[in-house]
Ligand SMILES: [Zn+2]
Ligand SMILES: [Zn+2]
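In the numbering used here, the protein residues as written are 246 to 372.
Here it is in structure tokens:
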């Protein structure tokens, strides 16, 4: 694995967030000032295709990159954009049984308003 690819993979694996390519580029630049945005894009594509990371497609937002490649679902706050991993036990099995197919991969993004934003809304309404 090239030095750049290794660096990008490490940043993703050490992050608690689901970062965008832009955020990854800025973090990579701190370690490797000469790195170019196109290099970051190319490496993200290669890492996704070889199964090291997972690319998330989120409508109305930039793609995010997930270190966790085990099947899981995402809660996305429609107000602040925060992404939280969730695992709905038995979901894949239930879908497979219902549809009589074997699912190879899927992406489930549930839009909601997170606790912090909900509290903020209540506070704003109280004024
Ligand atoms: Zn929120
Ligand atoms: Zn995730």
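Built from N, CA and C at the ideal position, the CB exists for glycine as well.
Computed from a predicted structure; not experimentally measured.
Rank the options by C-alpha distance to the C-alpha of residue i and give the top, closest one.
i           : options               : result
residue 428 : 306, 311, 278 and 307 : No statement about residue 428 is possible, as the shown extent of the chain runs from 246 to 372 and does not include it.
residue 328 : 369, 276, 318 and 248 : 318
residue 246 : 307, 291 and 273      : 291
Taking only three categories from DSSP, how would you classify residue i?
i           : result
residue 331 : strand
residue 358 : coil
residue 311 : strand
residue 349 : coil
residue 277 : coil
Does residue i pass the burial test, meaning 16 or more other C-beta atoms within 10 Å, or should it be called exposed?
i           : result
residue 253 : buried
residue 298 : buried
residue 258 : exposed
residue 285 : buried
Assuming residue i is part of the beta strand (DSSP E), what are its boundary residues?
i           : result
residue 292 : First-last for residue 292: 282 to 294, but that is the alpha helix (DSSP H), not the beta strand (DSSP E).
residue 321 : 318 to 322
In the DSSP assignment, find the unbroken alpha helix (DSSP H) run with residue i in it and report its ends.
i           : result
residue 251 : 248 to 259
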